[in-house]
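These protein sequences, in sequence, are chains H and R.
Residue numbering for the first sequence is 698 to 846, as defined by the working numbering.
Residue numbering for the second sequence is 780 to 845, as defined by the working numbering.
Reviewing the structure listed below.
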Amino acid sequence: MNNKPNLPEEVWASRKYHWATRLAWRVNGWMWVAIIISMIADMGIPEEIRKWNIALRIAVAIFPFLASLLWVRNLARWIHGMDELHRRIMLSACLSAAVGTLFVFTFFHVLDKMGICQISSVLDAVWVMDSLLGCFCFYSYQIFRRRYE
Amino acid sequence: MKNKLRELRAAKDWSQSDLADKLDVSRQTINAIETERYDSSLPLAFKVARLFKLKIEDIFELDENE
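Okay, structure coming up:
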């Protein structure tokens, strides 16, 4: 039985560790699927999509959310397989990422409401949310892990 | 929390990676415990004690300031 704990560095580019492509895809694959589908639906061919029948439009609208949920499930399983130190750091990073993403969304919605910047329509997309979550999670992990080095 | 993990590991001539493999944790976790930047959980402390055939209090010691 393989009891080797999961390491965050294995799925993120790192100088010290070999990047495991298959593992990275297994953990973050659904995030990339959600980002790409949402981005295409949001930016690529929105006018064309509006002409599709209702079932297809519902599928295109819902699919990024389902993919995001599957990503969160895979991420949770991966974190569950970590040892206690890395699990603690990753959970702090995930919490920080969720708060950071919420802050960015709220901040720009308030600015939009005040008529200062018209960006909230861009933020209303799954690919923006997933990208922000992923980036915040990565950078929060890099910051939090320094405490234990 | 102070601990004697580094001395005990050295006495057995194990590397941090060897000890990490025996305890099913990462090398970074062993390093963080040895440098006293991280306090291990109770289950891990029990595993360490069992591995070295010692009591937990023989390995881990609460710092007076804590």
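Note that the Cβ used here is the ideal one computed from N, Cα and C, for glycine as well.
No experiment lies behind these values; they were computed from the predicted model shown.
Residue nearest to residue i in terms of C-alpha spacing, selected from the options
i                : options                                : result
Asp827 (chain H) : H:His806, H:Leu767, H:Val807           : H:Leu767
Phe760 (chain H) : H:Met728, H:Cys814, H:Glu706           : H:Met728
Val801 (chain H) : H:Arg785, H:Leu829, H:Gly778           : H:Leu829
Asn700 (chain H) : H:Met736, H:Trp749, H:Gly778, H:Ile786 : H:Gly778
Leu830 (chain R) : R:Asp800, R:Lys781, R:Arg816           : R:Asp800
Glu815 (chain R) : H:Ser837, H:Leu820, H:Leu782, H:Thr798 : H:Leu782
Tyr838 (chain H) : H:Ser789, H:Val757, H:Asp739           : H:Ser789
Val819 (chain H) : H:Leu720, H:Met787, H:Arg723, H:Ala738 : H:Ala738
Ile755 (chain H) : H:Ser735, H:Val769, H:Met740           : H:Ser735
Ser817 (chain R) : H:Leu792, H:Ser817, H:Ala794, H:Asp780 : Checking the displayed sequence, the identity of residue 817 (chain R) turns out to be Tyr instead of Ser. For Tyr817 (chain R), the nearest C-alpha among the options comes from H:Asp780.
Val769 (chain H) : H:Asp821, H:Pro702, H:Asn725, H:Tyr845 : H:Asn725
Phe835 (chain H) : H:Ser817, H:Leu792, H:Lys810, H:Met811 : H:Leu792
Neighbour-count burial assignment, residue i, 16 or more Cβ in a 10 Å radius
i                : result
Arg842 (chain H) : buried
Phe839 (chain R) : buried
Leu704 (chain H) : buried
Met698 (chain H) : Low local confidence applies: a pLDDT of 48 at Met698 (chain H) is under 50, so the model's placement there is unreliable, and no value is given.
Gln815 (chain H) : exposed
Cys681 (chain H) : The shown model of chain H, from 698 to 846, leaves out residue 681 (chain H), and the question about it has no answer.
Ile813 (chain H) : exposed
Trp824 (chain H) : buried
Val708 (chain H) : buried
Met780 (chain R) : exposed
Ile751 (chain H) : exposed
Thr808 (chain R) : buried
Glu706 (chain H) : buried
Val827 (chain R) : buried
Val804 (chain R) : buried
Val796 (chain H) : exposed
Glu786 (chain R) : exposed
Arg719 (chain H) : exposed
Lys791 (chain R) : exposed
Ile840 (chain H) : exposed
Bridge-paired residues (DSSP) for residue i
i                : result
Met740 (chain H) : Answer is none; Met740 (chain H) lacks a bridge partner.
Lys781 (chain R) : R:Glu840
Met779 (chain H) : H:Asn703
For residue i, the first and last residue of its enclosing alpha helix (DSSP H)
i                : result
Thr808 (chain R) : 806–813
Ile840 (chain H) : 823–842
Leu802 (chain R) : 795–802
Leu830 (chain R) : 821–831
Val853 (chain H) : Only positions 698 to 846 of chain H appear in this structure, which leaves residue 853 (chain H) out of reach.
Would you call the stretch 729–738 of chain H in contact with the stretch 790–809 of chain H, where contact means no fewer than 3 C-beta pairs closer than 8 Å?
no
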